[in-house]
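Read through the structure below, which is laid out as structure tokens, and then see the notes.
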Amino acid sequence: MDSTSERPGIRLLDRATSVAMVVLVVLSCLVAVLGIVVISGRGSASVGVTIEPPYTIGFDDDRSVVVSGDGASLTSVGFERDLGLGTFQREPEIEAAVTVDPDDLDSRLAIVVGGAVLLGLSWAALVILRRIVRSARVADPFDPVNVRRIRWLAAIVLMWQLVLEIGDRVLTRTLESELAVNVSLPRLGWISAGVVALLIVALAEVFSTGSELRSFERETI
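For the sequence shown, the working numbering assigns the number 104 to the initial residue and increments by one for each residue that follows.
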């Protein structure tokens, strides 16, 4: 065994990934059970949404303002912004949680399928990370295979974002609601996900350089 395996940081990462595997196994079982319950229409499922105008804002003194996207109504509820170049008026965003109807099979199926895909991506990322750590313990962390593995981690980050984006669009179309809503699932956002992916790719390039230097050293010796 290489001396790299004796480093406490590598051992700690190995144990952490082992614990994460156990946690993910338990989580997978829970997701499977909850998925069956959700599809059957017995469990309660809700999604975060942004309510689109027109809608009515009520006050405690029984007054109300109808927001329809018209500039006057927006000004009356205080959503006028002075940018120095004139007046910019934006529609107030109201976030809410909408419970999926038990008979709304399309939305429930979309939630379960999306959750299963995200869980699969989580498994892929953890397996890749575990293989990287294991290779660092028993062999060489700058193994060329690890470079490809790290690049796959960057791709998985972007795939997570893409799945959530598709989920937003699908649920916005299928969700049965009395109001016009846009589903907004929690996520990093494309900019943040892109930055994380770029950082991971940069790490892959470091490993690639290390791999080339290690190969050159061995050929020289």
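For glycine and all other residues, C-beta sits at the position ideal for the given N, C-alpha and C.
Grab me the residues of residue i's own chain with a C-beta within less than 6 Å of its C-beta, minus the 5 sequence neighbours each way, in chain order.
i    : result
T275 : N285, V286
L288 : L267, G270, D271
V273 : A213
Looking at the structure shown, is residue i part of a helix, part of a strand, or coil, going by DSSP?
i    : result
V230 : helix
V63  : Absent from the model: residue 63. The displayed extent of the chain is 104 to 324, so no value can be given.
G270 : helix
R112 : According to the sequence provided, residue 112 is Gly. The question's Arg does not apply to it. Three-state result, G112: helix.
D198 : The sequence shown places Glu at residue 198, rather than the Asp named in the question. The answer is strand: DSSP assigns E198 an E or B state.
S143 : helix
S176 : Caution is warranted here: a pLDDT of 41 is assigned to S176, below 50, making its placement in the model unreliable, and no coordinate value can be reported.
G223 : helix
F310 : helix
D246 : coil
L137 : helix
L302 : helix
G218 : helix
In the DSSP assignment, what residue or residues form a beta bridge with residue i?
i    : result
V284 : I154
A149 : In the sequence as presented, Ala is not what sits at residue 149; that position holds Ser. S149 pairs with T202.
Leaving out the 5 sequence neighbours to the left and right, which residues in its chain are closer than 7 Å to residue i when beta-carbon positions are compared?
i    : result
V141 : A148, R211, I214, V215
Leaving out five residues on either side along the sequence, give the residues of the same chain with a beta carbon under 8 Å from the beta carbon of residue i.
i    : result
E155 : L282, A283, V284, N285
G313 : P244, F245
R237 : D117
D209 : T277
With a threshold of 8 Å, are at least 3 pairs of Cβ atoms found where one atom belongs to the stretch 122 to 134 and the other to the stretch 247 to 259? no
Taking 8 Å as the threshold, find out whether the stretch 119 to 131 comes into contact with the stretch 219 to 236 through three or more Cβ pairs. yes
Is the stretch 117 to 125 in contact with the stretch 253 to 267, if contact means three or more CB pairs nearer than 8 Å? no
Indicate whether the contact test is met: 3 or more Cβ pairs, each with one atom in the stretch 261 to 268 and one in the stretch 197 to 207, closer than 8 Å. no
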